[in-house]
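Protein sequences, first through last, are from chains B and L. So in this note's numbering, the last one in the first sequence is 527, and the numbering has no gaps at all. So in this note's numbering, the last one in the second sequence is 360, and the numbering has no gaps at all. Don't be surprised by glycine CBs; every beta carbon is placed ideally from N, CA and C.
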Amino acid sequence: MASPILQARDIHKSYGYIRSLQDASLEVFPGEVVALIGDNGAGKSTLTKALSGVIRIDKGEILVDGKPVTFATPQDAREHGIETVYQDLALAVDLNPAENVYLGREIPRPGFLGKLGFMDRKAMQRETERRFRDLGVNLKDMRSAVANLSGGQRQGVAVARALIWAKRVVFMDEPTAALGVAQTRNVLNLIRRVRDQGVSVVLISHSMPDVLAVSDRIVVLRHGSTVARFQKGDAKSDDLVAAMTGSLQMEGAA
Amino acid sequence: MSTIESSKDNAEVNDPAARPQPSLLRRLLVDRPEMMIILALVIIAGFFVAVRPDAFLSGINIRNMSIEAGMMMFLAVGMTYVIITAGIDLSVGSLLVLSGVCAVLVMRMIGIDHPAAPWVGLLVALGCGTLWGLLNGFFVAVTRLSPLIVTLASMGIALGIARLLSGGVDITGVPRSVVNTIGIGRVMGIPVIFLIATAFAVLAGVILHRTRFGLHTFAIGSNPQAAERAGIKVRRHLVMVYAISGFCAGLAGYITLSRFASTTIAGHSMDNLRAITAVVLGGASLFGGVGTMFGTSVGVLIPVVLASGLVIVGLPSFWQEVAVGIVLLAAVLVDQWRRSSRSR
Ligand SMILES: Nc1ncnc2c1ncn2[C@@H]1O[C@H](COP(=O)(O)OP(=O)(O)OP(=O)(O)O)[C@@H](O)[C@H]1O
Ligand SMILES: [Mg+2]
Numbered sequence: 274m275a276s277p278i279l280q281a282r283d284i285h286k287s288y289g290y291i292r293s294l295q296d297a298s299l300e301v302f303p304g305e306v307v308a309l310i311g312d313n314g315a316g317k318s319t320l321t322k323a324l325s326g327v328i329r330i331d332k333g334e335i336l337v338d339g340k341p342v343t344f345a346t347p348q349d350a351r352e353h354g355i356e357t358v359y360q361d362l363a364l365a366v367d368l369n370p371a372e373n374v375y376l377g378r379e380i381p382r383p384g385f386l387g388k389l390g391f392m393d394r395k396a397m398q399r400e401t402e403r404r405f406r407d408l409g410v411n412l413k414d415m416r417s418a419v420a421n422l423s424g425g426q427r428q429g430v431a432v433a434r435a436l437i438w439a440k441r442v443v444f445m446d447e448p449t450a451a452l453g454v455a456q457t458r459n460v461l462n463l464i465r466r467v468r469d470q471g472v473s474v475v476l477i478s479h480s481m482p483d484v485l486a487v488s489d490r491i492v493v494l495r496h497g498s499t500v501a502r503f504q505k506g507d508a509k510s511d512d513l514v515a516a517m518t519g520s521l522q523m524e525g526a527a
Numbered sequence: 017m018s019t020i021e022s023s024k025d026n027a028e029v030n031d032p033a034a035r036p037q038p039s040l041l042r043r044l045l046v047d048r049p050e051m052m053i054i055l056a057l058v059i060i061a062g063f064f065v066a067v068r069p070d071a072f073l074s075g076i077n078i079r080n081m082s083i084e085a086g087m088m089m090f091l092a093v094g095m096t097y098v099i100i101t102a103g104i105d106l107s108v109g110s111l112l113v114l115s116g117v118c119a120v121l122v123m124r125m126i127g128i129d130h131p132a133a134p135w136v137g138l139l140v141a142l143g144c145g146t147l148w149g150l151l152n153g154f155f156v157a158v159t160r161l162s163p164l165i166v167t168l169a170s171m172g173i174a175l176g177i178a179r180l181l182s183g184g185v186d187i188t189g190v191p192r193s194v195v196n197t198i199g200i201g202r203v204m205g206i207p208v209i210f211l212i213a214t215a216f217a218v219l220a221g222v223i224l225h226r227t228r229f230g231l232h233t234f235a236i237g238s239n240p241q242a243a244e245r246a247g248i249k250v251r252r253h254l255v256m257v258y259a260i261s262g263f264c265a266g267l268a269g270y271i272t273l274s275r276f277a278s279t280t281i282a283g284h285s286m287d288n289l290r291a292i293t294a295v296v297l298g299g300a301s302l303f304g305g306v307g308t309m310f311g312t313s314v315g316v317l318i319p320v321v322l323a324s325g326l327v328i329v330g331l332p333s334f335w336q337e338v339a340v341g342i343v344l345l346a347a348v349l350v351d352q353w354r355r356s357s358r359s360r
């Protein structure tokens with residue numbers, strides 16, 4: 274198999290006395306969907322944030338293409354083509370979808386005005402509408418503030434934003450939590466689609482059917498540690514649950 | 017003024033799935049809170065025009081109102097930025113005074129008849145305001161103290177220093193040229209103060225609504241964490257926003273000098289609250305993320321129009337405070353209602 278694009282080794286992260294991650298590891302290979310699963314509080318979101326540059330890790334190693342990197346800011350992760358759908362979505366709800374998509378990487382106006390910091394709002398709006406249409410994210414009103422959207426629509430905006438920018442890896446922290454059946458299916462199809470275009474996806478989900486449906490590999494976190502890894506086809510729902518709760522002999526498999 | 021606003025109009029026209037009628041008012045209120053306040057201004061001004069058209073629309077009354085509004089606009093411009101970041105700046109009135117005192121002292125030092133004195137005074141006022149704003153910003157953004165407390169403290173400190181420097185009494189020493197060209201100056205009958213204030217507000221509005229800097233200001237007020245994750249340097253941006261507010265206070269301090277040809281140490285204790293009132297009347301939300309420079313300018317006009325109109329129709333001007341209070345309450349209620357109606 275090819276070598277991993279992104280690799281996290283022996284990651285530790287504590288918040289005061291709470292050890293959110295202790296010896297967590299994860300590797301992401303080119304063009305695959307990895308599911309990252311675990312019970313509530315297992316450390317999935319913390320690992321996602323560590324690999325997105327949102328939090329600094331206490332100990333451990335992050336490698337991109339086999340080379341060690343430090344992600345001090347989300348910018349650093351983005352520069353390596355890593356985008357994230359955060360569990361809390363991280364949307365500025367008073368801005369509209371296009372402003373959210375381009376926040377921090379606005380399209381400048383051509384010429385001198387652009388140098389002064391003026392944005393090309395029309396271009397940003399047009400591009401966003403085009404990409405949303407491509408991705409099948411349909412909003413009635415593309416110019417209204419995100420605050421006026423439903424929870425599921427907001428999730429759609431956050432997912433679309435990450436997919437629009439991602440070059441190599443997308444982390445999706447429970448991207449379907451607020452979605453209905455049809456929208457969930459749409460997101461799962463999108464995951465397959467970006468994977469087929471060569472962007473790897475790390476999917477975090479509590480829904481075992483969804484996980485089993487799209488993932489090529491499954492990594493299980495428990496109490497902040499990576500305790501099991503499964504290949505597609507090796508895993509049945511019961512095994513996954515057993516690994517997550519630690520009720521079976523899986524512990525030895527880590 | 018804002019492309020957000022104008023683009024929303026189009027959306028409503030083009031949107032095939034536009035919601036049915038009853039929501040039109042709701043949409044206006046939700047998306048364009050400043051519409052309410054324009055309506056209020058039109059009603060208030062219309063009332064005074066109807067009752068005493070001669071006096072209310074007289075040249076002298078309009079000039080006076082435009083000067084009053086212009087003066088308040090400087091502070092309100094900075095306050096708009098600050099409030100959009102979900103902050104508050106209580107120090108602006110004191111800082112206006114301090115900047116003015118520093119400017120006068122320096123101008124006296126180099127001699128008020130010195131040809132460079134007006135410019136040096138301006139630089140001192142702007143520099144003093146900006147530096148103080150940077151300090152406010154540092155404490156708000158870096159030490160993460162509440163802006164209310166930081167600027168409450170710095171309000172007291174600034175006024176105290178101003179009194180110490182001036183010995184507690186107002187000092188004169190403003191170059192005549194400054195008073196003549198700015199303070200009492202007119203261009204084609206329009207007070208220069210109003211012209212400067214308008215140009216300044218338009219510039220600040222264009223920056224707020226058209227540039228990345230402006231967008232980042234809204235984003236930080238809306239969700240600082242999301243802004244951070246989008247790669248915005250939130251702390252640095254906040255420091256700059258408080259510096260802008262300080263700059264505005266410094267400019268207001270200089271303009272105030274030109275108007276009264278003297279410092280006015282005791283006259284600005286309520287300016288901070290007046291500026292906040294104007295911004296909130298203009299549809300900005302104290303929770304951040306929402307506001308327009310256009311709304312603020314309307315919010316500045318309402319108390320001014322009320323004050324002069326009430327005197328003209330022969331009511332005690334104290335009614336102005338009552339009326340402004342009521343309109344302010346209404347504005348905050350509308351904001352609250354907007355927020356609850358949209359968070360599902
Ligand atoms: N900012 C923080 N401060 C303190 N503790 C934190 C913080 N973030 C996470 N934790 C703790 O770290 C642990 C792991 O949290 P994390 O959010 O990564 O879990 P998770 O696997 O994503 O859970 P869920 O499925 O509920 O989203 C939890 O015990 C949590 O309380
Ligand atoms: Mg989580």
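>> Counting C-beta neighbours from all protein chains within 10 Å, is the total for B/D511 16 or more, i.e. buried, or is it exposed?
In response: So B/D511 ends up on the exposed side.
> Which residues, taken in chain order from the stretch 246-269 of chain L, show a beta carbon closer than 7 angstroms to some beta carbon of chain B?
Replying inline: If you check each beta-carbon in the stretch 246-269 of chain L against every beta-carbon of chain B, the ones closer than 7 angstroms belong to A246, G247 and I248.
> Do you know whose CA, among B/V306, B/E305, B/N313 and B/Y288, lies nearest B/A323's CA?
Replying inline: Nearest Cα to B/A323 within the set B/V306, B/E305, B/N313 and B/Y288: B/Y288.
> Looking at the C-beta of L/T312, does it have a partner C-beta in chain B at a distance below 8 angstroms?
Replying inline: By this cut-off, L/T312 is not an interface position.
> Of all the residues that make up the stretch 342-372 of chain B, which are near chain L by a beta-carbon distance shorter than 9 angstroms?
Replying inline: Those would be T346, P347, Q348, R351, T357, Y359, D361, L362, A363, L364, A365, V366, D367, L368, N369 and E372, in chain order.
> How would you list, in chain order, the residues of chain L whose beta-carbon sits under 7 angstroms from the beta-carbon of B/E379?
Replying inline: Residues of chain L passing the Cβ test: R228 and L231.
> Who are the near neighbours of L/T188 in its chain, counting only those whose CB is closer than 7 angstroms to its CB and skipping five residues on each side?
Replying inline: Only A277 and S278 meet the Cβ criterion.
> Since B/G390 meets chain L, which of its residues come closer than 7 angstroms, beta carbon to beta carbon?
Replying inline: T227, R228 and F229, listed in chain order.
> Out of curiosity, what's the CA-to-CA distance linking L/V329 and L/G205?
Replying inline: L/G205 has its alpha-carbon roughly 25 angstroms from the corresponding atom of L/V329.
> With B/E334 and B/D296 assumed to form a contact (beta carbons below 8 angstroms), what rounded beta-carbon distance in angstroms separates them?
Replying inline: 12 angstroms between Cβ atoms; not a contact.
> chain B partners of L/Q241, CB-CB under 7 angstroms?
Replying inline: Within 7 angstroms Cβ-Cβ: A363.
> Taking a cut-off of 6 angstroms, which residues have a beta-carbon closer than that to any heavy atom of ligand 2, in chain order?
Replying inline: Working through the chain, the matches are B/K317, B/S318, B/Q360 and B/D446.
> Who are the neighbours of B/V327 on chain L, taking C-beta pairs under 7 angstroms?
Replying inline: Near B/V327 (Cβ distances below 7 angstroms), the residues of chain L are R245.
>> For L/V195, report the span of its beta strand (DSSP E) as first-last.
In response: In the DSSP annotation of this structure, L/V195 is not part of any beta strand (DSSP E), being labelled neither H nor E.
> Who are the Cβ neighbours of L/L254 in its own chain at under 8 angstroms, not counting the five residues just before and after it?
Replying inline: Result list for L/L254: T101, G103, G153, V156, A157 and I236, in chain order.
>> Any beta carbon from chain L within less than 8 angstroms of B/A420's own beta carbon?
In response: So, interface residue.
>> Tell me whether the stretch 449-467 of chain B and the stretch 367-381 of chain B touch, counting them as touching only if at least three CB pairs, one residue from each stretch, are closer than 8 angstroms.
In response: Contact between the stretch 449-467 of chain B and the stretch 367-381 of chain B is absent, with fewer than three C-beta pairs closer than 8 angstroms.
>> Output needed for B/G519: all residues of its chain with C-beta closer than 6 angstroms, excluding positions within five of it in sequence on either side, in chain order.
In response: Only R495 meet the Cβ criterion.
>> So B/L436 and B/V443 are supposed to be a Cβ contact under 8 angstroms. How far apart are they, rounded?
In response: Indeed, because the Cβ distance is near 6 angstroms, the residues count as touching under 8 angstroms.
> For chain L, is any of its Cβ atoms less than 8 angstroms away from the one on B/S293?
Replying inline: Closer than 8 angstroms to the CB of B/S293 there is not a single CB belonging to chain L.
>> Within the continuous beta strand (DSSP E) that includes B/P370, where are the two ends?
In response: Note, B/P370: premise wrong, no beta strand (DSSP E); alpha helix (DSSP H) at P370 to Y375.
>> Output needed for L/W335: all residues of its chain with C-beta closer than 7 angstroms, excluding positions within five of it in sequence on either side, in chain order.
In response: Within the same chain, Cβ atoms closer than 7 angstroms to the Cβ of L/W335 are found at L326, the five residues on either side in sequence being excluded.
>> Please identify the residue among L/R192, L/V67, L/N77 and L/V108 whose C-alpha is closest to the C-alpha of L/G269.
In response: Comparing Cα-Cα distances from L/G269 to each of L/R192, L/V67, L/N77 and L/V108, the minimum goes to L/V108.
>> How far does the alpha helix (DSSP H) with L/D351 in it extend, from its first residue to its last?
In response: Where L/D351 is concerned, the enclosing alpha helix (DSSP H) stretches over F334 to R358.
> Just the Cα atoms here: how many angstroms apart are L/D351 and B/P303?
Replying inline: If I take the Cα positions, the gap works out to 48 angstroms.
> The beta strand (DSSP E) spanning L/R124 covers which residue range?
Replying inline: No beta strand (DSSP E) holds L/R124; the alpha helix (DSSP H) holding it covers V108 to I126.
>> Give me the chain B residues within the contact set of L/A235, using Cβ-Cβ distance strictly less than 7 angstroms, ordered along the chain.
In response: The answer, in chain order, is A365, L368 and L376.
> Using a Cβ-Cβ cut-off of 6 angstroms (strictly less than) and excluding sequence neighbours within five positions of B/E356, which residues of its own chain qualify?
Replying inline: Same-chain partners within the cutoff: A435, W438, A439 and V443.
>> Assuming L/W135 and L/G262 are in contact, meaning their beta carbons sit under 8 angstroms apart, how far apart are those beta carbons, in whole angstroms?
In response: About 20 angstroms; that fails the 8 angstroms criterion.
> Who are the Cβ neighbours of L/P240 in its own chain at under 7 angstroms, not counting the five residues just before and after it?
Replying inline: Excluding residues within five positions, the ones whose Cβ falls inside 7 angstroms are V250.
> Alpha carbon to alpha carbon, what distance is there between L/V190 and L/I128?
Replying inline: Straight-line Cα distance between these residues: approximately 7 angstroms.
>> With distance defined between alpha-carbon atoms, name the residue in L/S170, L/A294, L/G184 and L/I200 nearest to L/G145.
In response: Here the closest residue by C-alpha is L/S170.
> Between L/G266 and L/A141, which are expected to be in contact by the criterion C-beta below 8 angstroms, what is the C-beta distance as a whole number of angstroms?
Replying inline: Right, the Cβ-Cβ distance comes to about 5 angstroms (below 8 angstroms), so this counts as a contact.
>> Would you say the beta carbon of B/Y288 is closer than 7 angstroms to some non-hydrogen atom of ligand 1?
In response: Of the heavy atoms belonging to ligand 1, at least one sits nearer than 7 angstroms to the Cβ of B/Y288.
>> Is B/A315 a contact residue of ligand 3, with contact defined as CB to any heavy atom under 7 angstroms?
In response: This structure does not include ligand 3; its bound ligands are ligand 1 and ligand 2.
> Between the stretch 332-345 of chain L and chain B, which residues of the former have a C-beta closer than 8 angstroms to a C-beta of the latter?
Replying inline: Going along the stretch 332-345 of chain L in chain order, one finds no residue with a Cβ nearer than 8 angstroms to chain B.
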